[in-house]
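Following the working numbering, the numbering of the sequence shown begins with 74 at its first residue and continues without gaps. Even for Gly, the Cβ is constructed at its ideal location relative to N, Cα and C. A short worksheet on the structure shown next.
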Amino acid sequence: MVRKEFKCQRCGKRFEIEVFEQGEAETKNQPTAPVQCPNCKSTYIEVVRVVSTKARSGR
Ligand SMILES: [Zn+2]
């Protein structure tokens, strides 16, 4: 899982959601659900930045 900050292109609301990374979703056989704005339910979402990723142990 990776926590990303999104910005709604419709109402401009910013929010953070944990989403599966593409490769991760495939591995776990889960559908990549479209990110939806909690305010206006729009799926027209832009990724602002990656907030945090699950750090892997070691390098
Ligand atoms: Zn919105």
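By Cβ distance, which residues of its chain are closer than 6 Å to residue i, with the 5 residues on each side in sequence left out?
i, result
"C84", "N112 and C113"
"T126", "V75"
"E91", "M74 and R76"
"Q82", "Y117 and E119"
Helix, strand or coil: how does DSSP classify residue i here?
i, result
"T100", "helix"
Nearest to residue i by CA position, among the options, is which residue?
i, options, result
"V121", "S115, G96, K80 and C110", "K80"
"K86", "S125, E97 and I118", "I118"
Identify, in the order they occur along the chain, each residue of the same chain with its Cβ nearer than 7 Å to the Cβ of residue i, setting aside the five sequence neighbours on each side.
i, result
"V123", "V75 and K77"
"E94", "V75"
So, residue i versus residue j, is the Cβ gap smaller than 8 Å?
i, j, result
"T116", "V108", "yes"
Please list the terminal residues of the continuous beta strand (DSSP E) segment that includes residue i.
i, result
"T126", "I118 to T126"
"E89", "R87 to V92"
Once the 5 residues before and after residue i are set aside, which same chain residues still bring their CB inside 8 Å of it?
i, result
"E154", "No information on residue 154 is available, as it lies outside the stretch 74 to 132 that the chain covers here."
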